[in-house]
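Accompanying notes for the structure given below.
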Ligand SMILES: [Zn+2]
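Residue numbers (the numbering used here): 15 to 288.
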């Protein structure tokens, strides 16, 4: 839901391509950024006004992307405001925004291009970026950066609840943690579904075991859903990576554990904050 990092059509092509061995490395080498010296730059000398117009067009396009972000976010807030009241509605929308910004910032800090998040009221949000040629492990880390930011947002809300005692903060902290945990179910376009692609079969089995252990220890049935997804990916999921990724396995399990502990520390029925 909230927030799958949705890729462009080009990256979807690379996803299907990843099934072929050595395909990723081939993509990486062929997709190296073009050299900075553009032969067209020299030819554009006499047609400066056109170049200026193109630059202006780019500016307008950038403004349009920001407008898309602002308008969709306003519609998103409006829907949840109407559904849950002003305070919870705005808080919920901000939680989703922070999750998406986790993806956005992680993509940007790696020097990769990304657009500001776009919100789909009632469905979630996504950050569009170019995943073509990006190693599976990096893609997985970018996918997990959303739930990581969501976890910190939840911690901030929980801290405000412990300090003020206001049930609104407890409700936001819990809802945020639950949404981010559900988003880690390793299926489909969910963040977990993208991150699991970097895990080997053995690592997927480790993930499955961890989920079952968390289910038993914390008594939260959401972990059974995550375990189902992990089991499916371990036994029936294709797209196995060429190399295992211990770092992503630890990152994934650490996120699940911290979100689970967070949920267990928060009251289950803190709503009624209209
Ligand atoms: Zn996400």
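Virtual Cβ for every residue (Gly too), placed ideally from N, Cα, C. All of these numbers come straight from a predicted model, not from anything done at the bench.
Item, Value
"So what's residue 282 in DSSP terms, helix, strand or just coil?", "coil"
"Using the C-alpha atoms, what's the distance from residue 248 back to residue 242?", "10 angstroms"
"Using CA atoms only, rank isn't needed, just tell me which of 222, 250 and 89 is closest to residue 134.", "89"
"What number of angstroms, rounded off, separates the C-alpha of residue 102 from the C-alpha of residue 185?", "8 angstroms"
"Using beta-carbon positions only, say whether residue 191 and residue 157 come within less than 8 angstroms of one another.", "no"
"Residue 139 lies in the alpha helix (DSSP H); which residues open and close that run?", "Unbroken run through residue 139 is the beta strand (DSSP E), 138-140; no alpha helix (DSSP H)."
"Whose CA, out of 127, 161, 258 and 160, lies closest to the CA of residue 147?", "127"
"So, are the CB atoms of residue 112 and residue 164 less than 8 angstroms apart?", "yes"
"Pull up the DSSP beta-bridge partners for residue 158, would you.", "None; residue 158 has no bridge partner."
"What number of angstroms, rounded off, separates the C-alpha of residue 139 from the C-alpha of residue 159?", "15 angstroms"
"How many Å lie between residue 132 and residue 82 at the Cα?", "7 angstroms"
"Should residue 253 be counted as a contact of ligand 1 given a C-beta to heavy atom distance under 7 angstroms?", "no"
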